[in-house]
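Start counting the sequence shown at 1466; every next residue gets the next number (the numbering used here).
Backbone N, C-alpha and C define an ideal beta-carbon position, used for all residues, glycine too.
Please read all numbers here as calculations on a predicted model, not as lab measurements.
To start, the structure itself, in structure tokens.
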Amino acid sequence: MTGGGGGTGGDARRAYLAEHLDAVRSRLADACRAAGRGVDDVTLLPVTKFFPASDVAILRDLGCREFGESREQDAAPKVTALREAPGDDVRWHMIGHVQRNKARAVAQWAHVVHSVDSLRLVDALRRGVERARDDGARTDDLAVYVQVSLDGDTHRGGVDRAELDAVADAVAESSGLQLAGLMAVPPLESDADAAFADLAGLHQRLLRSHPTATGLSAGMTGDLEDAVRHGSTCVRVGTAILGPRPVTSP
């Protein structure tokens, strides 16, 4: 089996990505069948953070159209590189924590943000979208998932469940933002099945007041089957497709 790593752009790297992408697609299809769901019900989101734009280009050639990034300063150059390639039809997801002072920059390139967890960030993104539209950088709304903390430890990201409705309402009421649904990461050392069952319950609660917020961003390499069983519509997979993260400087 060809090794992973940071991506050389050559035939070996293309073969590696093709093999591992096929394996994850098969795994996701099996998970959907086991859950009684259609494979088209769940988006596979390759997480390309720490990997080069050449890897994104290969994955696009292999049929991927949506990609997840976690740091604005790393994502922006890749977005530019892919825009310069013929037939740009890529959608970019910001899955990492967004600092308020980065909201304006994120709004220039992201189609979706998965990690909104405060009223102040909602307002910062709203203003960022307005500025991006004024600059001609976007015409569409920014889709937003509210990230919820399942264990109440908001320092790890996510709004406390007691504040979920307020943040979701603020997104829905903000010009330029579209409430997509919920996102969560299971707490450390938790049972993934129980965590995603809890998340599914919170999602049902959200749908009662926001019936169009049908998205559920949940599940990664190690727990995507549990997430799909509990209704995930988007699984975020990095290592299983792209291999070990390349060594980066602090």
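Distance between residue 1577 and residue 1668, taken at the CA atoms: about 18 angstroms. Under the three-state reduction of DSSP, residue 1515 is assigned to coil, being neither helix nor strand.
Within the DSSP bridge table, the entry for residue 1509 names 1700 as partners.
By the CB criterion at 8 angstroms, residue 1703 and residue 1680 fall outside the cutoff. As summarised for the region 1631 to 1690, the continuous beta strand (DSSP E) elements at least 3 residues long and confined to that stretch are 1642 to 1648 and 1680 to 1682, given in chain order. For residue 1478, the enclosing alpha helix (DSSP H) begins and ends at 1476 to 1499. In this structure, 1593 is the residue among 1593, 1540 and 1515 with its C-alpha nearest to the C-alpha of residue 1640.
For residue 1636, the closest C-alpha among the options 1683, 1598 and 1588 is that of 1588. Residue 1593 sits in a helix when the DSSP states are folded into three classes. Cβ neighbours of residue 1540 within its own chain (closer than 6 angstroms, five residues either side excluded): 1534. With a cutoff of 8 angstroms on beta-carbon distance, residue 1568 and residue 1557 are scored as not near each other.
In the three-state scheme derived from DSSP, where H, G and I count as helix and E and B as strand, residue 1608 is classed as strand. Counting along the chain, residue 1544 sits inside the alpha helix (DSSP H) bounded by residues 1537 to 1548.
Looking at 1488, 1504 and 1508, the one whose alpha-carbon comes closest to that of residue 1682 is 1508. In the three-state DSSP reduction, residue 1556 falls in the strand class (E or B). Residue environment analysis places residue 1638 among the exposed positions, since fewer than 16 neighbouring C-beta atoms fall within 10 angstroms of its C-beta. Counting C-beta atoms within 10 angstroms of its own C-beta, residue 1649 has 16 or more neighbours from the protein chains shown and is therefore classed as buried. Cβ-Cβ separation between residue 1493 and residue 1520: approximately 19 angstroms, too far for a contact (criterion under 8 angstroms). Assigned with DSSP and collapsed to three states, residue 1576 falls in coil, not helix or strand.
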